[in-house]
Amino acid sequence: MRRWKSLAILVPALAVTPALPAQDTYYRHAFFDNSQQHDFYWNSTAQAAAPSTLEQQQRKLPVETRWFLSPPNAIRLQWTSQAGGGWDAEIHLVNFPNRYPQLSGQYLYFWLYSPAAIAAADLPEFLLSDARAGLQVAEFPGSFTAPEPLGKYTGDLPGGKWQRVRVPMHSLRSASVFEFHPERLQSLVFLQGRADGVGHTLIVDQVHVDDEPATTGSRLATRPAPLPAPVQLGATGYERHVLLHWEAAETPALAHYVIYRSRDGGPYEPIGIQLPGTHRYVDFIGGTGVAASYRVAEADWENRTSMRSAPATATTHAMSDDELLTMLQEAAFQYYWDGAEPNSGMAHENMPGDERIVATGASGFGIEAILVGVARHFITRAQGLARLTKIVSFLERAPRYHGAWSHYMNGATAQTMPLFGMLDNGGDLVETAFITQGLLTARQYFNGGAPGERDLYQRITKLWEGIEWDWYRDNAQSDYLYWHWSPQWGFQIHHPLIGFNEVMAVYLLAIASPTHGVPADMYYSGWAGQGERALAYRRGWSGSADGDHYFNGNTYFGTKLDVGVGSGGPLFFTHYSFLGFDPHALHDRYTASYFDNNRNIALINQAYCVANPKHYAGYGADAWGLTASDGPTGYKTPAPDAENDNGTITLTGALASFPYTPEASMAAFKHYYRELGAQLWDIYGPRDAYNPTLNWVSPIYMGLNQAPIVAMVENYRTGLLWKTFMSNPEIALMLRKLDEATAASAR
10 MRRWKSLAIL VPALAVTPAL PAQDTYYRHA FFDNSQQHDF YWNSTAQAAA
60 PSTLEQQQRK LPVETRWFLS PPNAIRLQWT SQAGGGWDAE IHLVNFPNRY
110 PQLSGQYLYF WLYSPAAIAA ADLPEFLLSD ARAGLQVAEF PGSFTAPEPL
160 GKYTGDLPGG KWQRVRVPMH SLRSASVFEF HPERLQSLVF LQGRADGVGH
210 TLIVDQVHVD DEPATTGSRL ATRPAPLPAP VQLGATGYER HVLLHWEAAE
260 TPALAHYVIY RSRDGGPYEP IGIQLPGTHR YVDFIGGTGV AASYRVAEAD
310 WENRTSMRSA PATATTHAMS DDELLTMLQE AAFQYYWDGA EPNSGMAHEN
360 MPGDERIVAT GASGFGIEAI LVGVARHFIT RAQGLARLTK IVSFLERAPR
410 YHGAWSHYMN GATAQTMPLF GMLDNGGDLV ETAFITQGLL TARQYFNGGA
460 PGERDLYQRI TKLWEGIEWD WYRDNAQSDY LYWHWSPQWG FQIHHPLIGF
510 NEVMAVYLLA IASPTHGVPA DMYYSGWAGQ GERALAYRRG WSGSADGDHY
560 FNGNTYFGTK LDVGVGSGGP LFFTHYSFLG FDPHALHDRY TASYFDNNRN
610 IALINQAYCV ANPKHYAGYG ADAWGLTASD GPTGYKTPAP DAENDNGTIT
660 LTGALASFPY TPEASMAAFK HYYRELGAQL WDIYGPRDAY NPTLNWVSPI
710 YMGLNQAPIV AMVENYRTGL LWKTFMSNPE IALMLRKLDE ATAASAR
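So in the numbering used here, spot 248 of the sequence shown is number 257, and the numbers just go up one at a time.
And the structure:
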């Protein structure tokens, strides 16, 4: 949880591969493999001082697609060094959210290629920095090394031939006031060397950190055993892409897989790589009726490859809207199935990221996705039951704080991980509400007579009844429920839960609790409170007085909004609490229907993007959905207002709004998939977010954003999760209590 200012499924998808530990090893060595962007590398900086020149786009280094080692691209340096001028080209490490960027190895390796020979004296200099600042001032504890001539490590560079460069980082001298730490390497910087006045081109690829290879007594490198070829390669064609899947025995020598494609009977050409531990790959072809054949090989860090797999062939084909929606759900479902943390079955906060961290709320959303997976036959009922049993077993042994779970836990040990600081080492009531919503939906779904289902029902009931919602009032006189409690710090964070936002489920579940419930009138004193604290809270997060009394009543872009702060806020307000709770059944003294109110928030969001008052690129009737996501500068919560709109479109925004805006959501889905799929579609479906103005695409997936797509599309198609969750008897009783509280508040 984050705060806003405050078609048939493939059988191989059933097997869970231990992807993340293998990828953790990969990211402890890989510095650069290829660029997600096709024209320039986002994680780079390029600048030149006249009369010297350096090719650049938006102050970033261009991407090379003709010459590469790791398909489909590399980085291009094209420069002219002149006396009195200068240039520098910086390649930065990709820092994934919540992952400590620690590299393992004493040597920096990278590969160079030039179409024409370059004398050693005419090659650039280079330095390393353990701060993102590169050549700028490196603040404590950042450091950088003294410039070294590249030719010292390469000699004369021949034309038309790749050459591997090996740099012993421990021998480099720090040029900063602080010691240089190779394990913290952040930037590889090339800079002007001899001013020869001649244009040069240098291609850089496969930058990684490692130790020396093992040696024998004769001081010669031990000849490695041949890498095994992948087996059981399969290919399935969809409308615009082909999904590959294979099996492989992974050895420590494996660096990555190389994917080869043949079109029209032509030669097999390398088109991409896949990381260890992941045995799936998406080839976005971009058209229908296209046949292609594929083979896959393993490769090590020295670009030695295994024998290629036997070929597999698939053809893309036209798909109906219904088939497209199934494709969308299955792809996003895989985040919580194939990509789940293997020990606990829980969902990761983001991938790539810290493989230890599982997120409680995202896992609750993931439970809803797993239920859809069973209903859609992506997995069997027995497989779904087994996964839910694993998750419940994990939750039973995890620390609980008056019944509530923490926001983040270690998937292997179940221990609390206080990611947001020392005060965040206890219970998180919002995250607990989100996973409870998923658990109660699962309890009703797996409500059959089989022993395993009866056992799961009873165990979920015990977890549910053990949550002390009333404890999180702080005291018996409190009007509010509070977000956090810690056995060490108590209620020191003291963040009251005040609507309207994404946390409505907390109050509804607290009222519904059969063991530790709160009075139904807290809905009006807390969630929809009218006290000065509530009014100031709403104005504080939105920067607007619109809706500060919970009721809004204003019209935005032709749509009246009953409830909502500002112009409605980010769209996750209409998703997170409503994966299970059916908004058709919810009303209060401020709106006759939360389904209608949520629909209006989505309509306002789309209309804002059509109007596009800040003139960002890419916005339109089929490109909308401002809501919380990864962004160019980290996690943000875009919303349809001047303060929070930053040009970033979050794909779950429109896609999880299918029940509210089916036509507009389908238009957005087709645009994202058919027109932008080469950048936005991968093994877990639509990527988290993109910013067309900056030509940025998120390198990660987020657990909070993929499951709402799966769940809300299903609620649009069949209402499955709404019907199942609302069948809990405690929820029916809660609705009656809420109606009584509503009547009392009107008197």
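We put the beta carbon where it would ideally sit given N, CA and C, even for glycine.
What is the DSSP secondary structure of T54, reduced to helix, strand or coil? As a first step, residue 54 must be located in the sequence shown, where it is residue number 45. Reduced to three states, the DSSP call for T54 is strand.
Sequence ranges, alpha helix (DSSP H) only - wholly within the stretch 444-476, length at least 4: If one requires a minimum length of 4 residues, the alpha helix (DSSP H) runs lying completely within the stretch 444-476 are 460-474, in chain order.
Buried or exposed, going by whether 16 or more other CB atoms sit within 10 Å of the CB of D165? Here residue 165 refers to the residue found at position 156 when the sequence shown is read from its first residue. Under this definition D165 is an exposed residue.
Please determine, among H416, V291 and G420, the residue with the shortest C-alpha to C-alpha distance to M355. On the sequence shown, residue 355 is found 346 positions in, with the first residue counted as 1. Answer by Cα proximity: G420.
Is the CB-CB distance between V572 and Q46 below 8 angstroms? Stepping through the sequence shown from its first residue, residue 572 is reached at position 563. Stepping through the sequence shown from its first residue, residue 46 is reached at position 37. Cβ distance not < 8 angstroms, so V572 and Q46 don't count as in contact.
Compute the Euclidean distance between the alpha carbons of E761 and L78, then round it to the nearest angstrom. There is simply no residue 761 to check, as the chain begins at 10 and stops at 756 in what is shown.
Please state the DSSP three-state secondary structure of A312. Mapped onto the sequence shown, residue 312 falls at position 303. Reading off the sequence shown, one finds Asn at residue 312, where the question assumed Ala. If DSSP states are grouped into helix, strand and coil, N312 belongs with coil.
Who does V174 pair with in a DSSP beta bridge? Along the sequence shown, one-based indexing puts residue 174 at 165. Note: V174 sits in a beta bridge opposite F119.
Roughly how many angstroms separate the alpha carbons of Y491 and R390, rounded to a whole number? As a first step, residue 491 must be located in the sequence shown, where it is residue number 482. As a first step, residue 390 must be located in the sequence shown, where it is residue number 381. For Y491 and R390, the distance between alpha carbons rounds to 37 angstroms.
Can T89 and T62 be called in contact, C-beta distance under 8 angstroms? If you number the sequence shown from 1, residue 89 lands on position 80. If you number the sequence shown from 1, residue 62 lands on position 53. Cβ atoms of T89 and T62: closer than 8 angstroms.
What does DSSP give as the partner residue(s) for K569 in the beta ladder? The residue given as residue 569 occupies position 560 in the sequence shown. The partner list for K569 (beta bridge, DSSP) reads T564.
Suppose you measure from the CA of L428 to the CA of G160; what does that come to, to the nearest Å? Reading the sequence shown from its first residue, position 419 is the one you call residue 428. Reading the sequence shown from its first residue, position 151 is the one you call residue 160. Spanning the two alpha carbons is a distance of roughly 44 angstroms.
Taking the alpha-carbon positions, what's the F509 to D631 distance? Here residue 509 corresponds to residue number 500 of the sequence shown, with the count starting at 1. Here residue 631 corresponds to residue number 622 of the sequence shown, with the count starting at 1. Distance between the alpha carbons of F509 and D631: 27 angstroms.
At the level of alpha carbons, what is the spacing between P21 and H254? Position 12 of the sequence shown, counting from 1, holds the residue named residue 21. Position 245 of the sequence shown, counting from 1, holds the residue named residue 254. Low confidence applies here, because P21 scores a pLDDT of 33, under 50, leaving its location unreliable; read the following figure in that light. Rounded to whole angstroms, P21 to H254 spans 7 angstroms at the Cα level.
What is the rounded straight-line gap between the Cα of Q65 and the Cα of G208? The count along the sequence shown starts at 1 and reaches residue 65 at position 56. The count along the sequence shown starts at 1 and reaches residue 208 at position 199. Approximately 14 angstroms, taken between the alpha carbons.
Is the CB-CB distance between I610 and L588 below 8 angstroms? As a position in the sequence shown, residue 610 is number 601, starting the count at 1. As a position in the sequence shown, residue 588 is number 579, starting the count at 1. No; because the gap between Cβ atoms is not below 8 angstroms, this pair is not in contact.
L506 to L518 span [Cα, whole Å]: Here residue 506 refers to the residue found at position 497 of the sequence shown. Here residue 518 refers to the residue found at position 509 of the sequence shown. Using only the alpha carbons, I get a separation of about 13 angstroms.
Do W478 and S522 have their C-beta atoms closer together than 8 angstroms? Position 469 of the sequence shown holds residue 478. Position 513 of the sequence shown holds residue 522. Going by C-beta atoms, W478 is nearer than 8 angstroms to S522.
What separation, rounded to the nearest whole angstrom, lies between the Cα atoms of F199 and L136? The residue labelled residue 199 in the question sits at position 190 within the sequence shown. The residue labelled residue 136 in the question sits at position 127 within the sequence shown. Their backbone Cα atoms lie some 7 angstroms apart in a straight line.
Under 8 angstroms, do Q115 and P177 count as touching if we go by C-beta distance? Along the sequence shown, one-based indexing puts residue 115 at 106. Along the sequence shown, one-based indexing puts residue 177 at 168. Yes; because the gap between Cβ atoms is below 8 angstroms, this pair is in contact.
Any idea what DSSP makes of I127, helix, strand or coil? Mapped onto the sequence shown, residue 127 falls at position 118. In this structure, I127 counts as strand in the three-state DSSP scheme.
Please identify the residue among H357, G578 and G393 whose C-alpha is closest to the C-alpha of D557. Taking the sequence shown and counting its residues from 1, the one referred to as residue 557 is at position 548. Closest by alpha carbon: G578.
How long is the line joining the alpha carbons of P124 and P361, rounded to whole angstroms? Position 115 of the sequence shown holds residue 124. Position 352 of the sequence shown holds residue 361. The alpha-carbon atoms of P124 and P361 are separated by roughly 35 angstroms.
Environment of K69 [buried if 16+ CB atoms lie within 10 Å]: Locating residue 69 in the sequence shown gives position 60, counting from the first residue. K69 counts as buried, since at least 16 other C-beta atoms from the protein chains shown sit within 10 angstroms of its C-beta.
With DSSP as the reference, please indicate the residues paired to Y559 in a beta bridge. Residue mapping note: residue 559 aligns to position 550 of the sequence shown, counting from 1. When beta bridges are read from the DSSP output, Y559 appears opposite no residue.
So if DSSP puts T62 in a beta bridge, which residue, or which two residues, is it bridged to? Within the sequence shown, residue 62 is the residue found at index 53, counting from 1. In the DSSP output, where bridge partners are listed per residue, T62 has T89.
Contacts around R548, its chain only, beta-carbon distance under 7 angstroms, and the 5 residues preceding and following it disregarded: The count along the sequence shown starts at 1 and reaches residue 548 at position 539. The residues are A554 and D557.
Going by the CB atoms, is the gap between I718 and L337 shorter than 8 angstroms? Locating residue 337 in the sequence shown gives position 328, counting from the first residue. Locating residue 718 in the sequence shown gives position 709, counting from the first residue. In this structure, L337 places its C-beta atom within 8 angstroms of the C-beta atom of I718.
With respect to the alpha helix (DSSP H) encompassing Q715, which residues constitute its N-terminal and C-terminal limits? Here residue 715 refers to the residue found at position 706 of the sequence shown. It spans G712 to R726 - the alpha helix (DSSP H) in which Q715 sits, taken as one unbroken run.
Touch check for the stretch 697-712 and the stretch 632-642: three-plus C-beta pairs under 8 angstroms? As far as the Cβ criterion goes, the stretch 697-712 touches the stretch 632-642, which means the pair count is three or higher.
Exposed or buried, what is D273 when buried is set at 16 or more other beta-carbons lying within 10 Å of its beta-carbon? Residue mapping note: residue 273 aligns to position 264 of the sequence shown, counting from 1. With fewer than 16 neighbouring CB atoms inside 10 Å of its own CB, D273 falls in the exposed class.
Thinking C-beta only, is P668 closer than 8 angstroms to N724? In the sequence shown, residue 724 corresponds to position 715, counting from 1. In the sequence shown, residue 668 corresponds to position 659, counting from 1. Yes, the pair counts as a contact, with Cβ atoms nearer than the cut-off.
Is it the case that the Cβ atoms of G662 and T702 are separated by a distance below 8 angstroms? For the purposes of this step, residue 662 is taken as the residue at position 653 of the sequence shown. For the purposes of this step, residue 702 is taken as the residue at position 693 of the sequence shown. Cβ atoms of G662 and T702: not closer than 8 angstroms.
Is it true that the stretch 448-468 meets the stretch 392-399, where meeting means three or more beta-carbon pairs spaced less than 8 angstroms apart? With the rule of 3 Cβ pairs closer than 8 angstroms, the stretch 448-468 counts as touching the stretch 392-399.
Reducing DSSP to helix, strand and coil, say where T369 ends up. Taking the sequence shown and counting its residues from 1, the one referred to as residue 369 is at position 360. In this structure, DSSP gives T369 a helical state, which the three-state scheme calls helix.
Helix, strand or coil, according to DSSP, for S532 in the structure here? To locate residue 532, count along the sequence shown from 1; it is residue 523. The amino acid occupying residue 532 in the given sequence is Tyr; Ser does not appear at that position. Three-state DSSP puts Y532 in a helix.
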